[in-house]
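Just below is one structure, and these are the notes that go with it.
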Amino acid sequence: MSDNVYIPKLSKIFEIKEEVTGARAIKTFRTQFVENNGFSHKCGQCAMLSVFGKGESMISISSTPLVKDYLQFSILKTGRVTSALHEMQEGDVIGVRGPYGNNFPLEKWKGKNLIFIGGGIGLAPIWSVLQTALAKKADYGKLSLFYGSRTSQDIVYKEDLKELKNDITVHLSIDQKEKEWEEYVGFVPLNVLDKKPSPKNAVAITCGPPIMIKFVIQNLEALGFKDDQIYTTVENKMKCGIGKCGRCNIGMHYVCKDGPVYSWAELKKLPQEY
Amino acid sequence: MVNLDDLKKEALNLLKDEKVKYIIGYTEGSNGTSAAPAFIKNPEDTDKLVWNPGCFHNLTRFLRDEKKRKAREKHPDERPVGIVVKGCDSRAINVLLQEKYIKRDDVFILGVSCESTGVIDEKKVAKKLKGKKAQKIEWDTNRNLVVTTEDGTTKIPADEVLAERCVECPVHSPVVYDIFFGDKIKRTTDAQFKSVEKIENLSQKEKWDFWKKQFDKCIRCYACRSVCPMCYCDECVVDTISFAVTADTTAEEKAQRIKWIEKSPTPSETFIYHIIRAIHLAGRCIDCGECERVCPLDIPIRFLNKKLEKEAKSLFDYEVGFDPDQLSLVSSFKDEDPEDFIR
Amino acid sequence: MAEEFEPKIVAFLCKWCSSAGSDLAGVSRMQYPPNVVPITVMCSGSVSPLYILSAFNKGADGVLVSGCHPGDCHYIKGNYYARRRIALVKELMEYIGLEPDRFQMSWVSAAEGIKYTKIIKDFVNILKPLGPQTNLRRSQ
Amino acid sequence: MEKILTKKSFPNWIAKLATVQIYAPVVKDDLWSYEVVDAAGITTEYTNAIQSPKKIIFPQRELFLEFSHNDNGSPEIRELLPEDKESIIFGIRPCDAKGVSHMDKVFGGDFEDSYYWKRRNQVTLVGVGCNTPPSPNCFCTSVDGSPFSHEGLDVLLTDMGDNYYVQTFTKKGDKLVNMSKGLFAAPKPKEKADLESLHKDAETKLPRHLKDTKKIPPKLKGLFDSEIWDDESMSCIRCGICTYLCPTCHCFDISDEITSHSPLEGKRVRTWDNCQFPDFTMHSSGHNPRPDKASRLRQRIMHKFQYFVEIYNNYQCVGCGRCISKCPVGIDIIQVLEKVRDHV
Chain A
5 MSDNVYIPKL SKIFEIKEEV TGARAIKTFR TQFVENNGFS HKCGQCAMLS
55 VFGKGESMIS ISSTPLVKDY LQFSILKTGR VTSALHEMQE GDVIGVRGPY
105 GNNFPLEKWK GKNLIFIGGG IGLAPIWSVL QTALAKKADY GKLSLFYGSR
155 TSQDIVYKED LKELKNDITV HLSIDQKEKE WEEYVGFVPL NVLDKKPSPK
205 NAVAITCGPP IMIKFVIQNL EALGFKDDQI YTTVENKMKC GIGKCGRCNI
255 GMHYVCKDGP VYSWAELKKL PQEY
Chain B
30 MVNLDDLKKE ALNLLKDEKV KYIIGYTEGS NGTSAAPAFI KNPEDTDKLV
80 WNPGCFHNLT RFLRDEKKRK AREKHPDERP VGIVVKGCDS RAINVLLQEK
130 YIKRDDVFIL GVSCESTGVI DEKKVAKKLK GKKAQKIEWD TNRNLVVTTE
180 DGTTKIPADE VLAERCVECP VHSPVVYDIF FGDKIKRTTD AQFKSVEKIE
230 NLSQKEKWDF WKKQFDKCIR CYACRSVCPM CYCDECVVDT ISFAVTADTT
280 AEEKAQRIKW IEKSPTPSET FIYHIIRAIH LAGRCIDCGE CERVCPLDIP
330 IRFLNKKLEK EAKSLFDYEV GFDPDQLSLV SSFKDEDPED FIR
Chain C
50 MAEEFEPKIV AFLCKWCSSA GSDLAGVSRM QYPPNVVPIT VMCSGSVSPL
100 YILSAFNKGA DGVLVSGCHP GDCHYIKGNY YARRRIALVK ELMEYIGLEP
150 DRFQMSWVSA AEGIKYTKII KDFVNILKPL GPQTNLRRSQ
Chain D
16 MEKILTKKSF PNWIAKLATV QIYAPVVKDD LWSYEVVDAA GITTEYTNAI
66 QSPKKIIFPQ RELFLEFSHN DNGSPEIREL LPEDKESIIF GIRPCDAKGV
116 SHMDKVFGGD FEDSYYWKRR NQVTLVGVGC NTPPSPNCFC TSVDGSPFSH
166 EGLDVLLTDM GDNYYVQTFT KKGDKLVNMS KGLFAAPKPK EKADLESLHK
216 DAETKLPRHL KDTKKIPPKL KGLFDSEIWD DESMSCIRCG ICTYLCPTCH
266 CFDISDEITS HSPLEGKRVR TWDNCQFPDF TMHSSGHNPR PDKASRLRQR
316 IMHKFQYFVE IYNNYQCVGC GRCISKCPVG IDIIQVLEKV RDHV
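Residue numbers (the working numbering), protein chains in the order written: chain A, 5 to 278; chain B, 30 to 372; chain C, 50 to 189; chain D, 16 to 359.
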């Protein structure tokens, strides 16, 4: 059974954290495999989660590979499978198969300043690489994070972000003015432009809604970032996760297998099909 | 006789005078006997228009695409679309008008009479030609199909190659049009529901066996649905997702969308798909027969629609596509509607 | 000896009449077979043919649609629409070779508890000799 | 190995083969279709089947796994692989066999597809070459194929009049011949020469041609945003005929089918899916990267003649002509490709 790529491994949800409530609810799940298996992922990779009877959904793994005893997924409630996940309780069992896709080239970035730029649920894919870099802080230059959400209620990983501020520079932002909000007000791309991170010896990693990514990249370019200094992730509808079912491709790239991580230099060469 | 040159000339004038956005008509197909739909924007291309026994497509199906295209445009061109229609197709326009899916001003109708014939059934012709490829087909004045192949020409009586729907057709010429081509020939048919009666006369078990055998072939390509001018819903029970979803649709709405029919081509699911397709076309199907023609597995889907057409007529005295102002079959009733089956 | 076949009936009952009629049968302690899965709908006119087929698909052996008597519809015309639509469904089902007896329609008012029990009793008796419905049932 | 089998001995050979399940073309309501047959039902005189034998190796519905809730309400799953059953597909056309070899590429690679390979490894492909083109839209020679190509085949039969010229290309193929060694004779030099000229002759009989196919992949690279897709797709009705009938199209969907809600019981199944349906790529948010039929036609053409070429160095088209013959509105892939090739 183990060599069948389509068979998920049963995995127990042992911790659920409500990040955001309301219409765009986000929950963070931590899962442990029921039976030990060789699952080991790299930063930026995804896993296919199953809720039996509902289907499968491709979710990026937000825990760092350095943590071996669980996987973490932060999930925005958006459709059939994610809604079912949101109804699950601690102790419930789901299926997990993977890991799938390529990864952030962390090795290549050694010695560089890393600028993480996330919006909304887009912090999840970044979180894995951020945590990994943080754990090996000595290997990298300055780390910083830009993170924005619609309102202060929509911020994910609230406590972790507070802690993170002790270690690295964190620039938070929300879209519109709120009482008691002391940090930046406005869209993430504008926050980036406002703080003017230096492109010198730096890599920017951005993830979030497509429209945000588009303007973040524009603004980074304006600040002097080169195409190969910008990394982002792409998502498309997926079913198999292994480059066979034929729907997630952008040109000849299957996002599930050849993505989701692309440098802007690579992505620019691909057709606009995402 | 329909004079093709007249049709070309009118089309040319319409485009030259910029009265229409473009013209949906027929042109030569690459595939033997069949014509192909053509979308003509330039006046000089009107010469490509054809009218022949292979013009079976119901072009009103493309009004759906036009409507969607228009909805996407910020400053849409409000001129009508010119469209070539046969008798059956013109009734489709009436249904679309009745359902307020289109407005009369959206179309400029070039109605073409089928006169004493209609369109061919490609499969019947192919059988007659025994593997030879037709280069040209036309009707002569004596209801013969004149087929030109590399070996010369042969004549086949119309009744041997006419599509079944044309044999059972009660109209033959457009009922709504802006310009009419050809002769308005009165032709009656005593066999309007002959194909239905063939199946009605089977025993219950024979009926089931017949349809089981047919639907077992179905590969669920949905060509029957896609080709139908009435199947314009944004949300279809067989799709995995609703196309009416926007950024504002809540997760709950999406999650609670019922999966009525599975994608698997198993007998139960395929049967329900076809029954529902037929029911959704009750009182709307104008028997252009396109669903059956396009089926790659030759499932006689038309028999289902035809049955409901027959029942609508016999139970409720309802006929489709003649009056754009009548109430639709299932959103109207009469006090005397039959209810002997109700306890 | 094999157990006797007990048909499963899915009954779409309109809220205003038939559902109340079945309630009356219940509170009056009238005896009738327990084979029915009642589903209350707002009006018999709201029963889509898809509901009926879906019930068969999910394992029903018989389907009943029941509404108010003509003239009594809470929404004035709903049951007239239902009458038309269901006549067509019934014709089509027969045409396809499905047993037409598996699908019934009735008018049951809020006062007709007895009629409701009678309809169910008769329906069960009709369905028993037909055996399980497999034609439209989702395959295992 | 190369052998001669007389037509008289042919039924005896088939009878021997019939110890395993044989799929062969049979005529059903005027359409040829690959079905399980008994030895007597086998013929080599048939035109193109409406569906290629893809449906046997990659069935439209494949059961993946079974799931249920145990007494504690926890899910349990059970893998459902295709059954152990050897079979022969008899009379597969060379183009369709080539389609199978293309599928092998897709379902192999880094992630082997257990379901596909379980079926694939249990099937032996016995081809019948095409002395005359089986469809009016055959164009295999334009896409690196030929009426007697043996790519993907275990055995190829050529009809030589009174005899069949039998060629085997794999151990599986050898096995079929060795089962009834006595029926086969070694070919004489004349027969070898006849075979060659017959094969050459067959190539000249092809009804359709696409010239300079090689120019198409590089040309497509620059045509992503071209208006050509709008023009060519105007008459498309977005049905799935072209892809479902294609011997190389392999796209699929995975979904959970529930047979009981409480307690939960059901199956995860793979079903064919296709790039011409709008829901194929539509995100849950409603965003669709391929929002119109132009982009979907582009995907079909580009996948077959650019992406596949770049990934596997092969056209993902074998020239069987099914999509042309069966397109309800006459979209002709040859004509579309010609327009692509000649685009300036």
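Cβ coordinates follow ideal geometry from the N, Cα and C atoms, glycine included.
In this text the structure is predicted, and so the values were computed from the model without any measurement.
When CB distances to chain A are screened at a threshold of 7 Å, the residues of the segment 269-300 of chain B falling below it are 279, 280, 281, 283 and 284, in chain order. Residue pairing by DSSP places residue 137 of chain B opposite B:111 in a beta bridge. Assigned with DSSP and collapsed to three states, residue 150 of chain A falls in strand. Ranking C:60, C:155 and C:160 by CA distance to the CA of residue 89 of chain C puts C:60 first.
For residue 303 of chain B, the enclosing alpha helix (DSSP H) starts and ends at 296-309.
With respect to the C-alpha of residue 76 of chain B, the residue from B:40, B:90 and B:102 having the closest C-alpha is B:40. Straight-line spacing of the CA atoms in residue 83 of chain B and residue 65 of chain B works out to 8 Å. Taking a Cβ-Cβ cut-off of 8 Å, the neighbours of residue 305 of chain B in chain C comprise 98, 99 and 102, given in sequence order. Boundaries for residue 185 of chain C: no alpha helix (DSSP H) harbours it, and the DSSP string shows neither H nor E there. Taking 9 Å as the Cβ-Cβ cut-off, the segment 144-162 of chain A has no residue approaching chain D.
In this structure the segment 265-274 of chain A touches the segment 227-247 of chain A; the number of beta carbon pairs closer than 8 Å is three or more.
The three-state secondary structure of residue 249 of chain D, taken from DSSP, is coil. If you ignore the 5 residues before and after residue 247 of chain A, its C-beta comes within less than 8 Å of the C-beta of 258, 260, 261 and 262, all in its own chain and listed in chain order.
Here residue 288 of chain D is buried, its C-beta having at least 16 other C-beta atoms within 10 Å. Runs of the beta strand (DSSP E) spanning 3 or more residues and lying entirely within the segment 70-147 of chain D occur at 76-84, 90-94, 102-107 and 138-143, in chain order. Separation of the CB atoms of residue 113 of chain A and residue 144 of chain A is rounded to 7 Å, and the pair is thereby assigned contact status at 8 Å. DSSP places residue 98 of chain A inside the beta strand (DSSP E), whose first and last residues are 97-104.
Proximity to residue 72 of chain B across B:61, B:38 and B:235 peaks at B:38, based on C-alpha coordinates. Inter-segment contact for the segment 97-104 of chain A and the segment 299-310 of chain B is absent: fewer than three beta-carbon pairs are separated by less than 8 Å. Of the other Cβ atoms in all chains shown, 16 or more fall within 10 Å of the Cβ of residue 81 of chain B; this residue is therefore buried.
Sixteen is the threshold: when 16 or more other Cβ atoms of the shown chains lie within 10 Å of the Cβ of residue 110 of chain C, as they do, the residue is buried. Ranked by Cα distance from residue 81 of chain D, the options D:202, D:272 and D:277 are led by D:272. Residue 254 of chain B sits close to residue 265 of chain B, with the two beta carbons spaced by under 9 Å.
A buried status is given to residue 115 of chain B, since no fewer than 16 other beta-carbon atoms sit within 10 Å of its beta-carbon. Sixteen is the threshold: since fewer than 16 other Cβ atoms of the shown chains lie within 10 Å of the Cβ of residue 327 of chain D, the residue is exposed. Here the segment 167-179 of chain C does not lie against the segment 123-133 of chain C, with fewer than 3 beta-carbon pairs under 8 Å apart.
With its beta carbon less than 9 Å from one in chain C, residue 238 of chain B belongs to the interface. The beta carbon of residue 124 of chain C does not come within 9 Å of any beta carbon belonging to chain B, so the residue lies off that interface.
The Cβ of residue 185 of chain C sits closer than 9 Å to at least one Cβ of chain B.
In the structure shown, residue 218 of chain D falls within a helical segment according to DSSP collapsed to helix, strand and coil. Rounded to whole angstroms, the gap between the alpha carbons of residue 159 of chain C and residue 55 of chain B is 60 Å. For residue 79 of chain B and residue 9 of chain A, the gap between their C-alpha atoms comes out near 54 Å. For residue 204 of chain A, the nearest beta carbon of chain B is not closer than 9 Å to its own beta carbon.
Using a Cβ-Cβ cut-off of 9 Å, residue 296 of chain D counts as an interface residue toward chain A, since at least one Cβ of chain A sits closer than that to its own.
If you draw a 10 Å sphere on the C-beta of residue 224 of chain D, you find fewer than 16 other C-beta atoms in it, and that means exposed.
It is roughly 13 Å from the alpha-carbon of residue 229 of chain D to the alpha-carbon of residue 160 of chain D.
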